[in-house]
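Right, one structure below, let's go through it.
In the numbering used here, the protein residues as written are 578 to 663.
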C-alpha cells in the first residue's frame with residue numbers, strides 16, 4: 578500500500594488560516610511576531626485573572642462555586658433530555 582502524499586498548492590484562505598508562509602510568501606518573522614503578540618496577550622489575561630482572584634471575597638470557596646455551577650448545568654440538561662424525549 579503506498580502512502581498518499583499531497584503536493585498541491587492550497588487556497589489563499591487556507592494558507593492564511595494555517596499560516597503557511599512558505600506557500601504565499603509569508604515571512605517567518607511576521608509569524609513569530611504574531612505568536613509573540615498572542616503570548617503577551619495571554620500573559621496579560623492570566624495576570625488580570627490572578628488579580629481578580631486576589632480581590633475576590635475569601636468567604637466564597639471557588640470549589641463550592643464550581644460544584645454549584647456543575648450541579649445547576651446537570652439539572653438543566655436532565656430537564657432538557659426529558660423534554661426532548663416527549
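Cβ atoms here follow ideal geometry from the backbone N, Cα and C, with glycine treated the same way.
Which of helix, strand or coil DSSP assigns to residue i
| i | result |
| --- | --- |
| residue 652 | helix |
| residue 644 | helix |
| residue 611 | helix |
| residue 633 | coil |
| residue 604 | coil |
| residue 622 | helix |
Through-space distance from residue j to residue i, alpha-carbon basis
| i | j | result |
| --- | --- | --- |
| residue 648 | residue 590 | 42 Å |
| residue 650 | residue 638 | 19 Å |
| residue 655 | residue 594 | 38 Å |
| residue 652 | residue 629 | 29 Å |
| residue 624 | residue 605 | 29 Å |
| residue 633 | residue 607 | 39 Å |
| residue 613 | residue 588 | 26 Å |
| residue 646 | residue 640 | 10 Å |
| residue 610 | residue 627 | 26 Å |
| residue 620 | residue 643 | 24 Å |
Residue-level contact to chain D via CB, residue i, 9 Å cutoff
| i | result |
| --- | --- |
| residue 627 | No chain D appears in this structure, which consists of one protein chain only. |
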